[in-house]
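Presented below is the structure to which this report refers.
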Amino acid sequence: MAAGMYLEHYLDNLKSEIDKLATEYISNARTLSSEEKLGLLKQIQEAYGKCKEFGDDKVQLAMQTYEMVDKHIRRLDTDLARFEADLKEKQIESSDYDSSSSKGKKKGRAQKEKKAARARSKGKNSDEEAPKTAQKKLKLVRTSTEYGMPSVFGNVHPSDVLDMPVDPNEPTYCLCHQVSYGEMIGCDNPDCSIEWFHFACVGLTTKPRGKWFCPRCSQERKKK
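Be aware that the sequence shown starts at 1, since it is given in the UniProt record's numbering, and climbs by one per residue.
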């Protein structure tokens, strides 16, 4: 941000300087010697060259800022997807717990009903009571087993979070037709169809001095 503000301020000063030089040249064109005119024109040309250079730096900063913001947005989208998956898993676990508690209550009611049935049957013949009691005990064991064990659900895992797709509306650059990233350089041919190139794709490690033309434009210039 500080670099962007510095460039903006510096460019404003350059524009003011160019305006002053142009006004001086126009006002004194008739009285200036040829050497003085040439000197003023060179100063204006150098100032315009600096404007272009710092303008390219501003574009580069804007691209880097866009790339940084885009990365943070993708990271936030990924974290949000993970959070939603974890929340869904916790909701499923809570549902499993409620189901187990409900079955436990059913088991308690069944046992109370069986105890009441045994109490009512105490007045009957002991010979008849023995087999019936055995049957009831067997039934109680089966009921306890049936109602006491909660249902087993398979382990629920959150869905794998995939990387966010690249924005289809994001412009592409360079010979590789990829989005902007890292250091980039602009072709000085105003008619260049691509305009911006990644340093690595055109074999650069630092920004060259003076004008720079992309491989395609360089070949076209050689043909001419």
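Just so it is clear, CB atoms sit at the ideal spot from N, CA and C, and this is done for glycine as well. Just so we're clear, the structure is a prediction, and the values are computed from it rather than from any experiment.
Pick from the options that is closest to residue i, judged by C-alpha positions
i, options, result
"E8", "T78, V69, E53, V202", "E53"
"T65", "S180, K222, P190", "S180"
"R209", "A200, R221, G186", "G186"
"D56", "K224, K207, P215, K223", "K207"
"Y25", "I44, L14, D12", "I44"
"V202", "D188, E220, L175, E36", "L175"
"M63", "C217, Y48, H198, K42", "H198"
"S193", "G182, A200, T205, F213", "F213"
"C51", "E17, T31, E36, D70", "E17"
"G182", "W196, L87, T31", "W196"
"A200", "K211, D191, M184, N189", "M184"
Bridge-paired residues (DSSP) for residue i
i, result
"I185", "F197"
"Y173", "Q178"
Element boundaries [alpha helix (DSSP H), containing residue i]
i, result
"R221", "215 to 223"
Residue burial classification, residue i (beta-carbon count within 10 angstroms, cutoff 16)
i, result
"Y173", "buried"
"L14", "buried"
"A47", "buried"
"S218", "exposed"
"L21", "buried"
"M68", "exposed"
"H157", "Because the pLDDT of H157 is 39, which lies under 50, any placement of that residue in the model is unreliable, and the number read from its coordinates should be weighed accordingly. By the neighbour-count rule (16 or more Cβ atoms within 10 Å), H157 is not buried but exposed."
Three-state class that DSSP yields for residue i in the structure shown
i, result
"T65", "helix"
"L14", "helix"
"S33", "coil"
"C192", "coil"
"R74", "helix"
"T23", "helix"
"K211", "coil"
"L204", "coil"
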